[in-house]
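A.B. asks:
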Amino acid sequence: MRFNAKDLALLARQPSGCFDKEGKLKICRVVGDKKLLEPKERWCRLKGNLLFLMKNKGSEASEVVILERCWIVEFRTKTDVSIVLKFQSGEPDLYLEAASKPECESWAVALGEANSEGLRNKIQHLRRLIMEIKEERSSDEAQHFLPSSQADSLGEPQFTSIQRIANEPKLEFSLACKDLVAATRDRKLNTFIQVSVVHPAEHVVTRYSSTETVEGTRDPLFLTGVTFPPEYPIYEETKIKLTVYDVKDKSQDTVRTSALPDHKDPRADVGRSFLGCTTFKVGDLVKSKEQQLTLTLRTSDGGKTVGTIEVNLVKMREVEDGETDHIATDTKDQKCALVRECTVSEGVSGKDNLPSLNAVLKNPICKLYRFPTSDNKWMRIREQMAETTLSFHVPKELINLHIKEDMRRNQELKDLGELAPHWDNMRRSVIAHCDQMLSMYQDTLAELGKHTGSSFKSSCSKGEKTLEFIPINLHLQRMHVHSPRLKDALYDVITVGAPAAHFQGFKNGGLRKLLSKFEAERRNTGYQCIYYSPENTAKAKEVLSNISHLQPLISSHADLLLNSASQHSPDSLKNSLKMLSEKTELFVHAFKDQLVRSALLALYTARPGCVLKNPAVPRNSAEEGGDVQHQEHPAQIKRQDSIPHHSEYDEEEWDRVWANVGKSLNCLIAMVDRLLEKDISNTKEGENDPSAADCKVLHTGGDWYEQLYPLVITLKDCMGEVVTRAKQSMAFVLLQELACGLPQCLMLTLRRDIVFSQALAGLVCGFIIKLHTGLHDQGFLQQLHTVGLLVQYEGLLSTYSEEAGMLEDMAVGISDLQKVMFKVIEAKSEDFLPVITGRREHYVIEVQLPAKMFELLPQEIKEGKLLRMYPVLFNVGINEQQTLAERFGDTTLQENINQENLELLKEYYKLFTEKMPPDCLPHFQEQNDLKGLLENLHQNIQCKKRKNVEIMWLAATICRKLNGVRFTCCKSAKDRTSMSVTLEQCSILRDEHQLHKDFFIRALDCMRSRQTQGALTESDDPESGCLSDTKPTSRHFYPVALLLVSSHLLVVWLILSLALLLAKYQ
């Protein structure tokens, strides 16, 4: 870089007021951490991005530092007053030391602003401010929907709002062109229309959306319409610009439809050419008599006419069968169905607008299609995709439950009492680790509480730690079909990324492998702790849960019994005694398990000193399926002389304590019976002598309370002693579970909680939507409380590399959903979000419905009957990685999962046929169809066919026939999921609604079109939120079939693909 030395010297001698900053600094050059010379004091002057260094204020500049391609390093300690300038060119760093900390900070700010990088940051900051101002202005335009009196008071410009129906789009129109002029006479045009909006307040052209590309005709009828949602600021004064392009090379075309300023026409080198454009006002279209505009397309200079374009206003409720002839009138070279976007159909708006469902579904994106049937009639298909607020609500509720459960567990461990040194050290270690995990859960909950914005987690956020409990891309995909001769039908599919712990990674596999490995290691823990099987630890948690649930109930019923006695109310006394007896019997039954007895003995041996009558190991292996190992260790069983002697342990003492509860209850029952008998005899005597009877009643009322009170206190005391011992013994079991695998046990619990949280959010969403859909179907409601709900997951993960770990996580997470029960309750407020209660081994989801909807439910559900879930997973890998797994890897995991879940599906079908009447299905013949489908599914799972997608079709069909909930999952719920869902929808239209066979591919292409997704680019990801300017035009550089020939070709393929990528982006 060349400079004029004289000009620089002149600039350095300018008066002080001409410089951005000046002052004394100590300066030297630095290489690494070593200073080349001792810092020397220099007078420094900063002008723009030039830093002049002088020996003193009046001398000539000895050096000029250009602040280009450098960055500032400021040492932010309380004592350090130095900063360092680092250069990208590699020259030595410049060390600057100020006289004070404030002076150092002032220089750091000045140098940072003068640096070219700082200037770029400034520009970006200003751009962000401009965007925020624009967003505020667009949000301020919402005031135009206020009454005119309120709008006038705001003093803003007035625009005419468009009259519309509530919850429906403000404006919809379809497009068609005629007599387009090509550059050459023989060329067949491939055209699409770019739609832009000119806002009246800003006069800025903003790209809004585009149609699909119609090939080979000069009179294209576009399948895709244009929709402006209810919240979009569009008025009668708004102008719409329509620009028609001819796509020369469709494979190289990238249609930009993002909301960016439309400054100039697209370049010709992107594979398309400009044909013509036109503009119209929204008010002209809305007020037109025919609700149609025919506009002339002209070139950019406004001179030459290149064709016409028809704009037709669309109103959903005016689309009737009488329009069939008009829509079917196409050109000779083109035959297609009309596609218009919409918000919510008239047929389902009554359900979708319910407050309880609106509390769950947010930001719906809808489209409307019309396709011909095989009998030349039109059927109308409405497709809707919506986010759900449950993506964040359910994980937050679940984490809150985990925190409470872990806090109770930690307190129970602390309440174990005095333990021998070995066990006490173990307890301290366990509590310390548990406190760390508890703190992590609390931090995660706090971070989720701060989340604002979208109600779903995008795929590019799946590796974020703070969002690891949130499901990926959880959406409802609904298709509503209206056929001329068939009953309307709704088809719902929940799409979600595979429940998996992406942040923790899959280096060591997923939960299925990790849990199996961990359980094997626990069996070989030596003499450090007692091994209890997973069934026993689950039983221990269940006992603790029953204690915390039943003890308060028994105490409250006992108090009610005394209250009834004091009021001398025989009927109330009987009812209180009945409730007390039922709860006490449940309480006593909870402790009949041998696990409590063996755990009490194990806890006794862990006390500071113990002597056994018969020094036998606690019975935990033969009856309960576990092995007790530590009792053989002499240091843990033998009493040490330095520890005081305990009395000999009596193995029958627990039986006596436990039996005392039952005996106390029997005494209470006998006393109540005697009191009631006396009351009856007194009543008979009172019929003969009323005055004597009144005296006896007054005396007896006091006797009842006085006679029952001691028995109630005895019952409570006995119950309290049982609770204390049982709690300590079960807490000791949990101590062994944690101690045997620290810290792996807690990390596996965390991973399982993460996966379960993602799976549960989807399940709750699916259940609520299914309940609303089937609210008027008495057969479904009967099936729901009699058998339960079938939940079928369609997995599209491969069994290769990381996706195998994801599949293992997903399999365990879906299996854990079996411990979830649902309960439908009447909402007492306007908050309809579900409430989650329970613990890790048993959850109850309370779904709230408004009173009018709640009355439609069967009596069993209204009385609070718990509804069971039957989740099943069938996975078939379909991508390139599955090809590698089938050729060079292993597919055993997929085969085992499919076989296991087939047995679960057969079990559900068996329960269905046993408990449900034959007429519950639409046709009795469908029962035979289900048997055949199950047999066919069994055969397909048994055969070793590669990428056998027939398994997916059969499982989905069985699920729909059994009124189940459908889920489709892949890694991120994007490409594979969307391909599967759209293919399933078109197959349903063909098989169930007589879609014309010639229109199957056209309907599939229309549903899969990404070019017509509104304000998105064709190369953008509509779900992940990650925008990109360019994207490779083809997914596979070479046919994957070549990989099937030899493993050597795999290496060649990888090398050539990498080379092509490097060449493409250089």
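Per our numbering, the very first residue in the sequence shown carries number 768; after that it's consecutive. Ideal placement from N, C-alpha and C gives every residue a C-beta, glycine not left out. Small disclaimer: the values here were computed from a predicted structure and weren't measured.
#1: Helix, strand or coil for Cys1773 per DSSP?
#2: Let me make sure I understand the geometry here. Which of Val1161, Leu775, Asn1143, Gln1511 has the alpha-carbon closest to that of Gln1271?
#3: By the DSSP assignment, the alpha helix (DSSP H) with Val1310 in it spans what residues?
#4: Would you check if the stretch 1564 to 1576 and the stretch 1695 to 1711 touch, i.e. whether three or more CB-CB distances between them fall below 8 angstroms?
#5: Evaluate the contact criterion for the stretch 1734 to 1750 versus the stretch 1261 to 1277: three or more CB pairs, one atom per stretch, below 8 angstroms.
#6: Out of Asn1730, Glu1751, Asn1642, state which residue places its alpha-carbon closest to the alpha-carbon of Gln1834.
#7: Under the DSSP definition of a beta bridge, which residues are partnered with Cys1133?
#8: Let me make sure I understand the geometry here. Which of Ile1755, Phe1599, Val1587 has the alpha-carbon closest to that of Leu1721?
#9: Leaving out five residues before and five after Ala909 in sequence, what residues of the same chain have Cβ atoms less than 6 angstroms from its Cβ?
#10: Closer than 8 angstroms by C-beta to Thr927: which residues in its own chain qualify, once you throw out the five before and the five after it? Chain order, please.
#11: Where are the beta strand (DSSP E) runs, 3 residues long or more, that stay fully inside the stretch 1573 to 1611, in chain order?
#12: Quick check on the DSSP output: the alpha helix (DSSP H) that includes Thr759 runs from which residue to which?
#13: To the nearest angstrom, report how far apart Leu1640 and Leu1600 are at their CA atoms.
#14: Need the endpoints of the alpha helix (DSSP H) that Ala943 sits in, please.
#15: Apart from the five residues on each side of it in sequence, which residues of its chain come closer than 6 angstroms, Cβ to Cβ, to Leu1527?
#16: In angstroms, rounded to a whole number, what distance separates the CA positions of Glu1235 and Asp1576?
#17: DSSP on Gly1487, reduced to helix/strand/coil?
#18: With distance defined between alpha-carbon atoms, name the residue in Phe940, Ser1431, Leu942 nearest to Thr1481.
#19: Drop a sphere of 10 angstroms on the beta-carbon of Pro1188, count the other beta-carbons inside from all chains shown, and report buried for 16 or more, exposed for fewer.
#20: Would you give the residue range spanned by the beta strand (DSSP E) that His1242 belongs to?
#21: Could you give the distance in angstroms between the alpha-carbon of Asn1715 and the alpha-carbon of Asn1707?
#22: Between the beta-carbon of Ile839 and the beta-carbon of Leu852, is there less than 8 angstroms?
#23: Determine the extent of the beta strand (DSSP E) in which Asn1343 is found, giving its start and end residues.
#24: Where Val1500 and Cys1507 are concerned, what is the direct C-alpha to C-alpha distance, given to the nearest angstrom?
#25: Taking all protein chains shown into account, decide if Leu804 is buried (16 or more other Cβ within 10 angstroms of its Cβ) or exposed.
#26: Apply the 10 Å Cβ neighbour rule to Asn1240 and answer buried if 16 or more other Cβ atoms are within range, or exposed otherwise.
#27: Excluding sequence positions up to five away, which residues of its chain have a Cβ less than 8 angstroms from the Cβ of Glu1286?
#28: Looking at the secondary structure, which residues open and close the alpha helix (DSSP H) in which Arg728 lies?
#29: For the stretch 1650 to 1666 against the stretch 1600 to 1616, are there 3 or more C-beta pairs whose distance is under 8 angstroms?
#30: Going by the DSSP bridge assignment, what does Asp860 pair with across the sheet?
#31: Between Lys1536 and the rest of its own chain, which residues show a CB-CB distance below 7 angstroms, the 5 nearest in sequence each way excluded?
#32: Label Met1193 either buried or exposed according to how many other C-beta atoms from any shown protein chain fall within 10 Å of its C-beta, with 16 as the threshold for buried.
#33: Once you ignore the five residues that flank Arg1713 on each side, which residues in its own chain have a CB closer than 7 angstroms to its CB?
#34: Is Phe1767 near the ligand MG - that is, is its Cβ less than 7 angstroms away from at least one heavy atom of it?
#35: Consult DSSP for Gly1050 and reduce its assignment to one of helix, strand or coil.
#36: For Asp1520, count neighbouring C-beta atoms within 10 Å of its own C-beta (all shown protein chains included) and say buried if the count is 16 or more, exposed if not.
C.D. replies: The relevant details are as follows:
#1: helix
#2: Gln1511
#3: 1301 to 1333
#4: no
#5: yes
#6: Because the chain spans 768 through 1833 in this model, residue 1834 falls outside it and cannot be assessed.
#7: In the DSSP output, where bridge partners are listed per residue, Cys1133 has Gln1151.
#8: Closest in alpha carbon position to Leu1721, among Ile1755, Phe1599, Val1587, is Ile1755.
#9: Low local confidence applies: a pLDDT of 40 at Ala909 is under 50, so the model's placement there is unreliable, and no value is given.
#10: Tyr1002, Glu1003, Glu1004, Gly1050
#11: Listed in chain order, the complete beta strand (DSSP E) runs (minimum 3 residues) inside the stretch 1573 to 1611 are 1587 to 1593, 1602 to 1606.
#12: The structure shown does not extend to residue 759, since the chain spans only 768 to 1833, so no value can be given for it.
#13: 27 angstroms
#14: Careful: Ala943 lies outside any alpha helix (DSSP H), inside the beta strand (DSSP E) at 938 to 945.
#15: Val1161
#16: 13 angstroms
#17: helix
#18: Ser1431
#19: So Pro1188 ends up on the exposed side.
#20: Per DSSP, His1242 belongs to the beta strand (DSSP E) from 1242 to 1249.
#21: Between Asn1715 and Asn1707, the alpha-carbon positions lie close to 7 angstroms from each other.
#22: Yes, Cβ-Cβ distance for Ile839 and Leu852 is below 8 angstroms.
#23: For the record, residue 1343 in the displayed sequence is Ser; it is not Asn. That residue, Ser1343, is in no beta strand (DSSP E); its alpha helix (DSSP H) goes 1337 to 1356.
#24: 11 angstroms
#25: exposed
#26: buried
#27: Pro1301
#28: The displayed coordinates of the chain run from 768 to 1833. Any statement about residue 728 would go beyond what the structure contains.
#29: no
#30: Val797
#31: Before going further, note that residue 1536 is Ile rather than Lys in the sequence given. Excluding residues within five positions, the ones whose Cβ falls inside 7 angstroms are Leu1243, Asp1259.
#32: Only buried fits Met1193, as 16 or more other CB atoms lie within 10 angstroms of its CB.
#33: Glu1653
#34: Within the structure as shown, the ligand MG is missing, as the structure has no ligands at all.
#35: helix
#36: Taking all protein chains shown into account, Asp1520 has 16 or more neighbouring C-beta atoms within 10 Å of its C-beta and is therefore buried.
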